[in-house]
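S.K.: By our numbering, the letter at position 100 of the sequence shown is numbered 171, and the numbering carries on one by one without gaps. Even glycine gets a Cβ: it sits at the ideal position worked out from N, Cα and C.
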Amino acid sequence: MSDPIILIPARMAASRLPGKPLADIAGEPMIVHVWRRAIEAGIGPVAVATDAPEIAQAVEAAGGVAVMTRGDHASGSDRIFEALEALDPQGRHDVVVNVQGDFPTIDPRAIAAAILPLADPAVALATLACPISDEDEANDPNIVKVVGSPISAGRLRALYFTRARTPWGEGPLYHHIGLYAFRRRALERFIGLAPSALETREKLEQLRALEDGMRIDVTLVDDAPFGVDTPESLARARAVLGDRS
Numbered sequence: 072m073s074d075p076i077i078l079i080p081a082r083m084a085a086s087r088l089p090g091k092p093l094a095d096i097a098g099e100p101m102i103v104h105v106w107r108r109a110i111e112a113g114i115g116p117v118a119v120a121t122d123a124p125e126i127a128q129a130v131e132a133a134g135g136v137a138v139m140t141r142g143d144h145a146s147g148s149d150r151i152f153e154a155l156e157a158l159d160p161q162g163r164h165d166v167v168v169n170v171q172g173d174f175p176t177i178d179p180r181a182i183a184a185a186i187l188p189l190a191d192p193a194v195a196l197a198t199l200a201c202p203i204s205d206e207d208e209a210n211d212p213n214i215v216k217v218v219g220s221p222i223s224a225g226r227l228r229a230l231y232f233t234r235a236r237t238p239w240g241e242g243p244l245y246h247h248i249g250l251y252a253f254r255r256r257a258l259e260r261f262i263g264l265a266p267s268a269l270e271t272r273e274k275l276e277q278l279r280a281l282e283d284g285m286r287i288d289v290t291l292v293d294d295a296p297f298g299v300d301t302p303e304s305l306a307r308a309r310a311v312l313g314d315r316s
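So, in structure tokens, the structure goes:
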């Protein structure tokens, strides 16, 4: 790894919480909180990839970089690839970290930890997970689980991602955190693939990579940031980040 870049996809058209990137949290738009945490990770430059001028303006007003992208992208992965090509046509950045724009409580140390598995040239992309300790979470289909083989302390090789409680029997279960570090070549390959059968069934984009034979390794962290996609989770983020108004 020679030069990572962090890209944050953001759009206004969220079904459950429209306009959420600009939702005020402790006096700043949510997307600015995510941008600040990505900067604090200290692993490389950070930019927000968006199709909304309002989001770009909010990021730039805070001192950040925003890249305008098309409005018809099917996923954040497609959006960040367009932004990457615009920002770095020379291909200087060989690792691309996709940080979701609705993770205002993400720990910067977790962002930095996500790239560590890419030191192994056999790994195409890397992600994060944390242990599940709550039974309700273990059975919740909205919480994605990763099944993996332990490689070393704090690291797994991903075998499958699912919304079901898996695997069976005694042992830990892991909550997948939807942050990805791609090798640039792997990202380009990934977005060129058609949606796979298991991806379509589970509604989990990362299964496309596994079905194509890409190796995904997982860094284990202590806890998961929560995504803001409902009024209730927005209120929780405001409480965590100090806006109790």
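Which residues bound the beta strand (DSSP E) around R254?
M.R.: Per DSSP, R254 belongs to the beta strand (DSSP E) from Y245 to R254.
S.K.: For F232, which of helix, strand or coil comes out of DSSP?
M.R.: It is a strand residue.
S.K.: Should D205 be labelled buried (16 or more other beta-carbon atoms within 10 Å of its own) or exposed?
M.R.: The residue is exposed, with fewer than 16 neighbouring Cβ atoms inside 10 Å.
S.K.: Three or more C-beta pairs under 8 Å: does that hold for the segment 138-146 against the segment 98-108?
M.R.: Touching, no.
S.K.: The beta strand (DSSP E) with L312 in it runs from where to where?
M.R.: Looking at the DSSP string, L312 is not in any beta strand (DSSP E), and its letter there is neither H nor E.
S.K.: CA-CA distance, D275 and L269?
M.R.: Strictly speaking, residue 275 in this sequence is Leu, with Asp absent from that position. Using only the alpha carbons, I get a separation of about 8 Å.
S.K.: With a floor of 4 residues, list each alpha helix (DSSP H) that falls wholly inside the segment 168-210, ordered by position along the chain.
M.R.: Correct list: 179-185 and 206-210.
S.K.: Shortest alpha-carbon distance to F297 belongs to which of T290, G242 and A310?
M.R.: The candidate whose alpha carbon is nearest that of F297 is A310.
S.K.: Does the separation of the CB atoms of E125 and V138 fall below 9 Å?
M.R.: Going by C-beta atoms, E125 is not nearer than 9 Å to V138.
S.K.: Please confirm if the segment 249-262 is in contact with the segment 219-226, defined as three or more CB-CB distances below 8 Å between the two stretches.
M.R.: Verdict: no, contact absent.
S.K.: Using 8 Å as the threshold, is the segment 210-218 in touch with the segment 126-134, meaning 3 or more CB pairs across them?
M.R.: With the cut-off at 8 Å, the segment 210-218 and the segment 126-134 do not touch.
S.K.: Counting only runs that start and end within the segment 135-173, where is the beta strand (DSSP E) found for 3 or more residues in a row?
M.R.: Counting whole runs of 3 or more residues, the segment 135-173 contains the beta strand (DSSP E) stretches 137-139 and 166-169.
S.K.: Pick from E156, I177, F174 and T176: whose alpha carbon is nearest that of V167?
M.R.: Among E156, I177, F174 and T176, the Cα nearest to that of V167 is on E156.
S.K.: Check the DSSP bridge columns for A120 and list the partner residues they point to.
M.R.: In the DSSP output, where bridge partners are listed per residue, A120 has P80 and V138.
S.K.: With DSSP as the reference, identify every bridge partner of I114, one or two as the case may be.
M.R.: Paired residues: none, contrary to the question.
S.K.: Quick one: what's got a C-beta closer than 8 Å to I248's C-beta in the same chain, skipping five residues either side?
M.R.: Within the same chain, I248 has close Cβ partners A181, T198, L199, A200, C201, V292, A295 and P296.
S.K.: Just the Cα atoms here: how many angstroms apart are I96 and Q171?
M.R.: Approximately 16 Å, taken between the alpha carbons.
S.K.: From G219, Y251 and D159, pick the residue whose C-alpha is nearest to that of P243; which is it?
M.R.: Of G219, Y251 and D159, the residue nearest in Cα terms is G219.
S.K.: If you follow the alpha helix (DSSP H) that L281 is in, where does it begin and where does it stop?
M.R.: Note, L281: alpha helix (DSSP H), Q277 to E282.
S.K.: Assuming I114 and A183 form a contact by the criterion Cβ under 8 Å, report the distance between their Cβ atoms to the nearest whole angstrom.
M.R.: Right, the Cβ-Cβ distance comes to about 5 Å (below 8 Å), so this counts as a contact.
S.K.: Can you give the Cα-Cα distance for F174 and G240, rounded to whole angstroms?
M.R.: When rounded, the distance between both Cα atoms is 32 Å.
S.K.: Cutting at 6 Å between CB atoms, please list the residues of its own chain near R236, excluding the five before and the five after it.
M.R.: Taken in chain order, the residues that qualify are A209 and N210.
S.K.: When burial is assigned at 16 or more other CB atoms within 10 Å of the CB, is Q161 buried or exposed?
M.R.: Classification for Q161: exposed.
S.K.: Which stretch, first to last residue, makes up the beta strand (DSSP E) that contains L264?
M.R.: Note, L264: premise wrong, no beta strand (DSSP E); not H, not E.
S.K.: I need the boundaries of the alpha helix (DSSP H) containing T290, first residue and last residue.
M.R.: That residue, T290, is in no alpha helix (DSSP H); its beta strand (DSSP E) goes I287 to L291.
S.K.: Quick check on D122: buried or exposed, where buried means 16 or more other Cβ atoms within 10 Å of its Cβ?
M.R.: By the 10 Å Cβ count, D122 comes out buried.
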